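The working numbering applies: residue 41 is where the sequence shown begins, and numbers increase by one.
C-beta: ideal position from N, C-alpha, C; glycine also.
None of the values given here were measured: they were computed from a predicted structure.
The structure appears below as structure tokens.
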Amino acid sequence: MAKIIMIQGTSSGVGKSIFSIALCRIFTQEGYKVAPFKVQNMSSNMHILNDGKKMARSQAICAYACNTKPDYKMNPILLVPNNNNTEVYLNGEYKGHMDRFSYEDVKEDFFNQAIISFNSLCEQNDIIVIEGAGSPVELNLIKNDIVNMGFAKKVSAPVLLISDISRGGVFASLYGTINLMPEEEQSLIKGIIINKFRGNIKYFNDGKNIIENICKIDVLGILPYFDINIEDEDSLIDNGVMKTKEMLLNNLKGEKTEDLYIDYLKSQFDTLANNFKDNLDMQKIYNILN
Numbered sequence: 041m042a043k044i045i046m047i048q049g050t051s052s053g054v055g056k057s058i059f060s061i062a063l064c065r066i067f068t069q070e071g072y073k074v075a076p077f078k079v080q081n082m083s084s085n086m087h088i089l090n091d092g093k094k095m096a097r098s099q100a101i102c103a104y105a106c107n108t109k110p111d112y113k114m115n116p117i118l119l120v121p122n123n124n125n126t127e128v129y130l131n132g133e134y135k136g137h138m139d140r141f142s143y144e145d146v147k148e149d150f151f152n153q154a155i156i157s158f159n160s161l162c163e164q165n166d167i168i169v170i171e172g173a174g175s176p177v178e179l180n181l182i183k184n185d186i187v188n189m190g191f192a193k194k195v196s197a198p199v200l201l202i203s204d205i206s207r208g209g210v211f212a213s214l215y216g217t218i219n220l221m222p223e224e225e226q227s228l229i230k231g232i233i234i235n236k237f238r239g240n241i242k243y244f245n246d247g248k249n250i251i252e253n254i255c256k257i258d259v260l261g262i263l264p265y266f267d268i269n270i271e272d273e274d275s276l277i278d279n280g281v282m283k284t285k286e287m288l289l290n291n292l293k294g295e296k297t298e299d300l301y302i303d304y305l306k307s308q309f310d311t312l313a314n315n316f317k318d319n320l321d322m323q324k325i326y327n328i329l330n
């Protein structure tokens, strides 16, 4: 069975997806068979598999970072917003349009089926990198959570908590997020990642020590701000210009083939992984996995 690790964030847009891609690539570079997993994704950016099944494009990108083919099991529940209702897909198959209350009626059953997909991936891989969604302490939604601590508790996943320092308020974001959790959930957080740091990282040593002192959790990485040229998740864009597959492919020289594009993505993944690896305590991350 695979080793597992989960990435959660103090809010949306802090870098969970990019950090998940980086970890997937680092583990893959080091010879492990790796797969990404996100139990539920809300996105209008779909990836269509050869058999017609659908999953979130962001998880397909993560699969490419693992040098593996996208598989609906990597994103068993896909919610596609559509006016007042949502298109719901389970294990790649369309299940209908549902409003929030209709979805809540089937959510537990869908979650159980998603666990089956997750277990299947665990049987086929060495490491699974699990990505959460949004914030794990949206207090009005926690009761029925399946994407953050609800999932981590179900599969006993160690969690790395990531926060974006470029937004300001990183101390409050981390301390507040952790302390809004019950002790059972706090105990699953095994490390903190500071993302999008600008400047010389050594000047944040005092800040790192403060975070470790108030949160009682090790900071395992301070990641530099890094603009990777891969597709953006819809709605999570820093500069107002959404990078799409079509835009990136058009900028490449040569015949615009899928193979050319995948090779381009892999070069970006390598650059990202190499940039982040130097700023992560990978030994401690491997210890958490074990």
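Query raised in the report: If you run the structure through DSSP and keep just helix, strand and coil, what is L201?
Result: Strand at L201.
**Report entry** Nearest neighbour of N124, chosen from I170, D139, G132, Q308 [CA to CA]
**Finding:** The shortest C-alpha separation from N124 is found at D139.
Query - Assumed close pair A313, R97 - CB separation to whole angstroms, cut-off 8 Å - result: Going by Cβ atoms, the distance from A313 to R97 rounds to 20 Å, so no, they are not a contact pair.
Query raised in the report: Between the Cα of I101 and the Cα atoms of N90, D91, N85, which residue gives the shortest distance?
Result: With distances taken between Cα atoms, I101 lies closest to N85.
Report task. Could you tell me which uninterrupted alpha helix (DSSP H) segments, each at least 4 residues in length, are contained entirely in the segment 229 to 286, listed from first to last along the chain? Result -> The qualifying runs are 245 to 255.
Requested in this report: Can you tell me which of M95, N180, S57, E225 puts its alpha carbon nearest to the alpha carbon of L199?
Outcome: What sits at residue 199 in the sequence shown is Val, not Leu. Nearest option by C-alpha distance: E225.
Report task. With a 10 Å radius around its C-beta and 16 neighbouring C-beta atoms as the bar for buried, classify N188 as buried or exposed. Result -> Counting every other CB atom within 10 Å of its CB across the protein chains shown gives N188 a total of 16 or more, marking it as buried.
Query raised in the report: For A197 versus L161, is the C-beta spacing smaller than 8 Å?
Result: Cβ distance not < 8 Å, so A197 and L161 don't count as in contact.
Query - Minimum length 3: unbroken beta strand (DSSP E) runs contained in the segment 89 to 129 - result: DSSP runs (the beta strand (DSSP E)) wholly in the segment 89 to 129: 94 to 96, 117 to 122.
Requested in this report: Find the nearest neighbour of I262 within the set D318, D303, A75, I156, judged by alpha-carbon distance.
Outcome: When only C-alpha atoms are compared, the closest one is D318.
Requested in this report: Examine the Cβ distances between the segment 101 to 117 and the segment 149 to 169 and report whether three or more of them are shorter than 8 Å.
Outcome: Touching, per the Cβ criterion.
Report task. Report the residue from D145, K93, P110 whose alpha carbon sits nearest the alpha carbon of Q99. Result -> Ranked by Cα distance from Q99, the first of D145, K93, P110 is P110.
Query raised in the report: Among L179, F191, G172, which residue has its Cα nearest to the Cα of L201?
Result: For L201, the nearest C-alpha among the options comes from G172.
Query - Same chain only: Cβ atoms within 6 Å of V135, ignoring 5 sequence neighbours per side - result: It is Lys, not Val, that sits at residue 135 in the sequence shown. V128, listed in sequence order.
Query raised in the report: Ordered along the chain, which non-local residues of its own chain (more than five positions away) have a Cβ less than 7 Å from that of K93?
Result: When the five nearest sequence neighbours on each side are left out, the beta carbons in the same chain lying within less than 7 Å of the beta carbon of K93 are those of Y112, G132, E133, in order along the chain.
Query - Rounded Cβ spacing between N253 and Q308 (contact assumed at less than 8 Å) - result: The C-beta distance from N253 to Q308 rounds to 36 Å, too long to meet the 8 Å contact threshold.
Query raised in the report: How far does the beta strand (DSSP E) with M221 in it reach, from first residue to last?
Result: Segment: none, M221 is in no beta strand (DSSP E) and carries neither H nor E.
Query raised in the report: Do you know whose CA, among E273, K283, K230, lies nearest V259's CA?
Result: Relative to the Cα of V259, the nearest Cα in the group E273, K283, K230 belongs to K230.
**Report entry** Outcome for M95 when other beta-carbon atoms lying within 10 angstroms are tallied against a minimum of 16
**Finding:** M95 should be labelled buried.
Report task. Rank M221, G209, S213 by C-alpha distance to the C-alpha of A192 and give the top, closest one. Result -> Minimum Cα distance to A192 is reached at M221.
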